[in-house]
Each structure stands twice: as structure tokens, then as C-alpha cells.
Amino acid sequence: MHGFGFAVIMLLTLACCRAETLRLCLDDQEGADGEAGLQQDPNLAVMQALARETGIQMEFHRRAWLRCQMELRANMWDGAVAASYAPDRLEFAVYPMAHGQADPVRRLGVHSYSLYRLRGSSVGWDGKRFTGINGLVGVQFGYSVTVPMQEAGLRLDDSTRSITQLMQKLLNERVEAIALITWDGDRMLDLHPEWAARVERVDPPVMLKPDYLIFSRGFYSKKRALAEKLWSTLPAVRDALGQ
1 MHGFGFAVIM LLTLACCRAE TLRLCLDDQE GADGEAGLQQ DPNLAVMQAL
51 ARETGIQMEF HRRAWLRCQM ELRANMWDGA VAASYAPDRL EFAVYPMAHG
101 QADPVRRLGV HSYSLYRLRG SSVGWDGKRF TGINGLVGVQ FGYSVTVPMQ
151 EAGLRLDDST RSITQLMQKL LNERVEAIAL ITWDGDRMLD LHPEWAARVE
201 RVDPPVMLKP DYLIFSRGFY SKKRALAEKL WSTLPAVRDA LGQ
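Start counting the sequence shown at 1; every next residue gets the next number (full-length UniProt numbering).
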């Protein structure tokens, strides 16, 4: 009987201490193939540091961003990496909240969107208004920069989510400018010097938005304490990396 009791205690101890593994989806960024691509992503750097700090194992799975969100809605993933806040996402995802809004203190990071134009173009942005744009501006389908640009009265081409296709449209003068997440746009120009010879970024950024680690509603209902622990640990980890 004592042996049986000891075995039960050992099993409970092992179950208690077994490392938690989170399955997370993230945007399948172009030009970020393989482990090297993951390592370059500033959000992934924070997530990997968070995993080390908390002892939580994490698996990262790339998906088209809209697919990632649809699968999160179906509770196929524990969470998603680097989601900006959108009220409609509260139907299927849980954010770190404060005073009825996503809590920027517990953000994962911050991303910006920038405008890219052909060198010598008159397209401009001074932080308040766009100038020199008479035609279309290319944007990635399903990305949050679409809303403020529509509100500014710009005509948008959101027929693709491919950065390569948007760059080709710009180079072929089918659009007058394109708006991309700055890290993505700059990285693609670094990867393609032939594009960088003809395309330049317009400063300042068009938009700055906090990124969040979000969880599926199914995961949060079962592992709320773990989710809150990860969110509460994020600020110190993020700040240590200068993000």
C-alpha cells in the first residue's frame, strides 16, 4: 500500500512539473524562411526570451494571417503572436486588458507601417496628410493599415497579401505607393537590392500600433493563470531586449 501511495505521489509530481508547451501561430512573413528568418523577427526574440524566463516551451507555426485568426477562432491554436488590437477579434481571442482596452503596458512590442514609393516620386506623408497621390495605394489584404488609409480618402488596391506582388505593382507603376509593416518592407528591400535601387521608404511611419500575444478563448478558459503569468512577465522581458 505504501509503495502504491509513493507511486501516485511520484506521478502527480511528474505531472505537475512537466513542461507546458504552447502552440502558437504567427504571420508567415515573406522572406523569413527557416530558423534564420524566425531569429530575425523582433517579436520572436521577445517570445523566445519569455519562454526562457518562464520555462514554458513554445512551438511557432507560420500561417497566412487571416488563416491564423480563423484557426484561433476554432481553438486550433493556444494563441497567436503579434496581433494588433481590433474589437472584432474579441469574439474569438483574449487580450491583456485594462480599463476596457488592450493594455499597452503588457504588449509584446510595437510595429509601424510605412509608405514606400519609387525614387524621385512626389508621393509624400508629413505625419498628418498624404500628398502627391492621385492613383492607387497598394496594401496587404486583411491588414489593419487599410482602415486609416481609407479614412484619409485614399483609393486602395488590396487584391493581394503578397509583399512581392505589391512591390512588382509599384515597380510597374500600377500603384503610386504601397503601405507595409516597416520591418517587413525594409527586410524585403535588404533581400532584393534591385528593388532597393528603385524603391525608398517615406518617413515618418504612417501608423504605430502595439502588438500583443493573444490567446484563444478555449485556452484562456482552461489556463487563465498561465496566460496572465505570461502577460505579466512580458514587460520586463521586452524592456530587457530594448523592444
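From the three backbone atoms N, C-alpha and C, an ideal C-beta is built for every residue, glycine too.
DSSP three-state assignment for residue i, whether helix, strand or coil
i, result
"Y220", "helix"
"I56", "coil"
"L108", "coil"
"M76", "coil"
"K169", "helix"
"Q101", "strand"
"A240", "helix"
"R155", "strand"
"A64", "coil"
"E228", "helix"
Spatially closest choice to residue i from the options, by CA coordinates
i, options, result
"W65", "G79, M167, I56 and G138", "G79"
"R117", "H99, L136 and V105", "L136"
"V202", "V175, L90, H99 and F130", "F130"
"G242", "L226, G109 and V123", "G109"
"S232", "D126, F141 and V105", "V105"
"R23", "D41, R62 and N43", "R62"
"R238", "I133, K229, R107 and D158", "R107"
"A177", "V123, L234, D28 and L191", "V123"
Inter-residue CB distance, residue i and residue j (contact presumed, cutoff 8 Å)
i, j, result
"K222", "S144", "29 Å between Cβ atoms; not a contact."
"R198", "R119", "6 Å"
"D126", "V139", "No, D126 and V139 are not in contact; Cβ-Cβ is about 20 Å, not under 8 Å."
Short Cβ contact (8 Å threshold) for residue i with residue j
i, j, result
"Y212", "A102", "yes"
"Y113", "P205", "yes"
Spell out a yes or no on whether the region 214-229 and the region 148-156 are touching, meaning 3 or more CB-CB pairs, one atom from each, closer than 8 Å.
no
Touching or not, the region 178-195 and the region 77-97, by the rule of three or more beta carbon pairs under 8 Å?
no
Does the structure place the region 168-179 close enough to the region 86-94 that three or more beta carbon pairs sit under 8 Å?
no
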